[in-house]
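If you count the sequence shown from 1, you need to add 105 to reach this note's numbering.
All C-beta atoms, glycine included, are put in the ideal place defined by N, C-alpha and C.
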Amino acid sequence: MINAERLKQHYEAQSQFGKIAETGICRPAHSPEEKKVFELAASWMQEAGMKTRIDNFGNLIGRLEGTNPDLPVLMMGSHLDTQPYGGRFDGIAGVLSAIEAVTALTENGIKPERSIEVISFADEEGWRFNKGLFGSRGITGKYEEGELDRTDGDGITRRQALLDFGCDITKFKESEYKPGSIHCFLELHIEQGPVLDNTNQPLGIVSGISGPLWLTVKLKGMAGHAGSVPMNMRKDALLGAAKIIVALNEITTQDPTAPTVGTSGSLNVFPNSRNIIAEEVVFTLDLRDIVQSRRDEREKELREKIDAIAIAHGLQYEISVDTDSEPRYCAQWIKDIIRSESTDMGLNIPELMSGPFHDALALSYFCDYAMIFVRSKDGISHNPKEYSSYEDLAMGAELLYRTMLRILEK
Ligand SMILES: [Zn+2]
Numbered sequence: 106m107i108n109a110e111r112l113k114q115h116y117e118a119q120s121q122f123g124k125i126a127e128t129g130i131c132r133p134a135h136s137p138e139e140k141k142v143f144e145l146a147a148s149w150m151q152e153a154g155m156k157t158r159i160d161n162f163g164n165l166i167g168r169l170e171g172t173n174p175d176l177p178v179l180m181m182g183s184h185l186d187t188q189p190y191g192g193r194f195d196g197i198a199g200v201l202s203a204i205e206a207v208t209a210l211t212e213n214g215i216k217p218e219r220s221i222e223v224i225s226f227a228d229e230e231g232w233r234f235n236k237g238l239f240g241s242r243g244i245t246g247k248y249e250e251g252e253l254d255r256t257d258g259d260g261i262t263r264r265q266a267l268l269d270f271g272c273d274i275t276k277f278k279e280s281e282y283k284p285g286s287i288h289c290f291l292e293l294h295i296e297q298g299p300v301l302d303n304t305n306q307p308l309g310i311v312s313g314i315s316g317p318l319w320l321t322v323k324l325k326g327m328a329g330h331a332g333s334v335p336m337n338m339r340k341d342a343l344l345g346a347a348k349i350i351v352a353l354n355e356i357t358t359q360d361p362t363a364p365t366v367g368t369s370g371s372l373n374v375f376p377n378s379r380n381i382i383a384e385e386v387v388f389t390l391d392l393r394d395i396v397q398s399r400r401d402e403r404e405k406e407l408r409e410k411i412d413a414i415a416i417a418h419g420l421q422y423e424i425s426v427d428t429d430s431e432p433r434y435c436a437q438w439i440k441d442i443i444r445s446e447s448t449d450m451g452l453n454i455p456e457l458m459s460g461p462f463h464d465a466l467a468l469s470y471f472c473d474y475a476m477i478f479v480r481s482k483d484g485i486s487h488n489p490k491e492y493s494s495y496e497d498l499a500m501g502a503e504l505l506y507r508t509m510l511r512i513l514e515k
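Set out below in structure tokens:
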């Protein structure tokens, strides 16, 4: 069994680093605040018998050496960086639960054959340099050229931030994992959505991470005086955008049993004057679904709708694809273990997709993976109000612990 009281103390201790307001945290990637919380987390890893290091991508890694160090490792973790106005649980839950699972293992005198690594990935959140999953992409060989030149709001480059953090940026290769060297990856994470809370479930088994399709639509009409151009002679780009946004909503809600979601969250209007019919509108569309074929179908409907609306309003349009990631499914064999262990714990928990992406997404291209979700109160996240109860978090850590034990038996 994991120790719920110790876990709670760890949550409270880490929440002091970068603390904002009563319950919030601002802990930027590669920052002194993150360095301090890494030192704290490393001390807990060491108490659990792990050897710790910070690699050249700025990941904190604790390793419990197995009796057969040649076996691919069982990796668990998440991230300790937060949003600028973030909460105490996003990412943190996955790191602390993993540390707790290994601590419980050591306390029980179990010496696994397979080595275990607990990792806190660098810059999952991505807001500081406007590109996330840095550490998880790094170790899996998905580092991209030019990333070191990205700057934060103060003009500091990622290069400088990593150097200040103590990383050797000339030795990224040494921090990459060889293909096949990770047996599987487990990530516990708060849901960050309202599904579990609404259905009164403490935990969930993640089916997969739905791939987002990110489109930018540019509509071009004709500017004109808001008072003089008759309605039937207008080419109103903002009206067209409004109709497309409504269409996205209708397309994604047509099947209430499907988890499809669609969002338009950013819109730029030109010339943006109350007295001028909008000439040009550029806006974003975000479409997600765990079933690729259904998402493709919805995308097709959406594109047809955009075309029809543009024609009806005399608008020209361009659509650019900014991101098109496929859904990444969790490994069935690990989901089966999680299912059977949760049943043994007396739970009957649902399976649900992850709309947000996580470090596990990067790992999914490298090894089998699975995720456990913990209920988020009212679905609030990326906000100091983010809340998961210590009871739920402990239950999640226990499920992670049991899943880990079963995987180690294999
Ligand atoms: Zn997270």
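In the pairwise beta carbon analysis, the stretch 343–353 is classified as not touching the stretch 490–501: fewer than three pairs are separated by under 8 Å. For W319, the enclosing beta strand (DSSP E) starts and ends at 316–325.
Going by DSSP, Y282 is part of no alpha helix (DSSP H) at all; its letter is neither H nor E. The DSSP assignment places complete alpha helix (DSSP H) segments of no fewer than 4 residues inside the stretch 414–492 at 437–449, 464–468, in order along the chain.
Bounds of any alpha helix (DSSP H) do not take in R233, whose DSSP letter is neither H nor E. In summary, N380 is exposed, with fewer than 16 beta-carbon neighbours lying within 10 Å of its beta-carbon over all protein chains present. Every unbroken stretch of the beta strand (DSSP E) spanning 3 or more residues and falling wholly within the stretch 294–381 is given here in chain order: 308–314, 316–325, 366–368, 372–375. V386: member of the beta strand (DSSP E) spanning 385–394, first to last residue. Between H184 and L320, the alpha-carbon positions lie close to 28 Å from each other. Annotation: the continuous beta strand (DSSP E) that includes G167 extends over 165–169. For Y190, the closest alpha carbon among the candidates S280, Q119, T128 is that of T128. At a cut-off of 8 Å, the beta-carbon of G196 counts as near ligand 1: some heavy atom of the ligand is closer than that. At least 9 Å separates the beta-carbon of S148 from that of G298. Looking at the backbone, the Cα of A153 and that of Y495 are separated by about 21 Å. Under the 10 Å beta carbon count, D449 is surrounded by fewer than 16 other beta carbons and is classified as exposed.
Our two residues, E279 and E230, have alpha carbons roughly 24 Å apart in a direct line.
Look at E230: its beta carbon is less than 8 Å from one of the heavy atoms in ligand 1. According to the DSSP secondary-structure assignment, K124 is paired through a beta bridge with I130. Rounded to whole angstroms, the separation of the alpha carbons of P317 and E117 is 34 Å. Closest option to Y506, judged by alpha-carbon separation, among G329, G484, N453, V207: V207. For G271, no beta strand (DSSP E) segment is defined, and its DSSP state is neither H nor E. Beta-bridge annotation (DSSP): E222 is paired with R168, M180.
Just so you know, the alpha carbons of V223 and E402 end up roughly 39 Å apart.
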